[in-house]
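The block underneath contains the structure these notes are about, expressed in structure tokens.
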Amino acid sequence: MAFGLSGFVQGKKALRISLSGIKEATLKSSTTPKHLNMKIIDKGKKALRRSLSGIKEATLKCSTIPKGYFAVYVGEDQKKRHVVPLSYLNDPSFQDLLSMAEQEFGYEHPMGGLTIPCSEDIFIDITSQLN
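Counting in numbering that gives the first Met the number 0, the sequence shown runs from 0 upward without gaps.
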């Protein structure tokens, strides 16, 4: 997710730059010859397309979770992403982990996704019993 978020931020910056280029071209349109003005607008359009494709790419990388699954982040220092089936939500031991997450983070999770505050070993031990 962190990679996706940084890609999104980079795309947002590129979008801002390309929009400022289009605005600049609009302001210069009264004093600049038409052929030069069109070059400036084309540069702005290309930059806008690149930034939008970067946002789309970042979104695709974030959303590579199969249907019927969801992502959780687990670990004490280094958070590692795990993709688990939705059926785990019905299990009492997994619900205990969710309660821990609610007590620790409330509904504001630092990773942008569901963060479970336990060691990865404990998480793997619990989820391996659910399979």
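Glycine is no exception: its CB is placed at the ideal position from the N, C-alpha and C atoms.
At what residues does the beta strand (DSSP E) containing residue i begin and finish?
| i | result |
| --- | --- |
| threonine 114 | 113-115 |
| proline 84 | 79-84 |
| tyrosine 87 | Run containing tyrosine 87: none; DSSP gives neither H nor E here. |
Would you check if the distance between the CB atom of residue i and the CB atom of residue j is smaller than 9 angstroms?
| i | j | result |
| --- | --- | --- |
| threonine 67 | serine 118 | Correcting the residue identity first, residue 67 is glycine in this sequence and not threonine. Taking 9 angstroms as the Cβ cut-off, glycine 67 and serine 118 do not qualify as a contacting pair. |
| leucine 129 | aspartate 95 | no |
| threonine 114 | tyrosine 87 | no |
Residue i lies in the alpha helix (DSSP H); which residues open and close that run?
| i | result |
| --- | --- |
| glutamate 103 | 91-104 |
| lysine 124 | A quick correction: the sequence has aspartate, not lysine, at residue 124. 119-129 is the extent of the alpha helix (DSSP H) around aspartate 124. |
Label residue i either buried or exposed according to how many other C-beta atoms from any shown protein chain fall within 10 Å of its C-beta, with 16 as the threshold for buried.
| i | result |
| --- | --- |
| glycine 134 | There is simply no residue 134 to check, as the chain begins at 0 and stops at 130 in what is shown. |
| methionine 37 | exposed |
| isoleucine 64 | exposed |
| phenylalanine 123 | Here residue 123 turns out to be isoleucine, not phenylalanine, going by the sequence shown. Exposed, since its Cβ has fewer than 16 Cβ neighbours within 10 Å. |
| valine 82 | exposed |
| lysine 79 | exposed |
| phenylalanine 2 | Reliability of the predicted coordinates at phenylalanine 2 is poor, the pLDDT of 46 falling under 50, and the value obtained from them is presented with this limitation in mind. Answer is exposed; the Cβ neighbour count stays below 16. |
| tyrosine 106 | exposed |
Would you grab the beta carbon distance between residue i and residue j for me? Rounded to a whole angstrom, and I think it's under 8 angstroms.
| i | j | result |
| --- | --- | --- |
| proline 132 | alanine 100 | Coverage of the chain is limited to positions 0 through 130, which leaves residue 132 absent and any answer about it impossible. |
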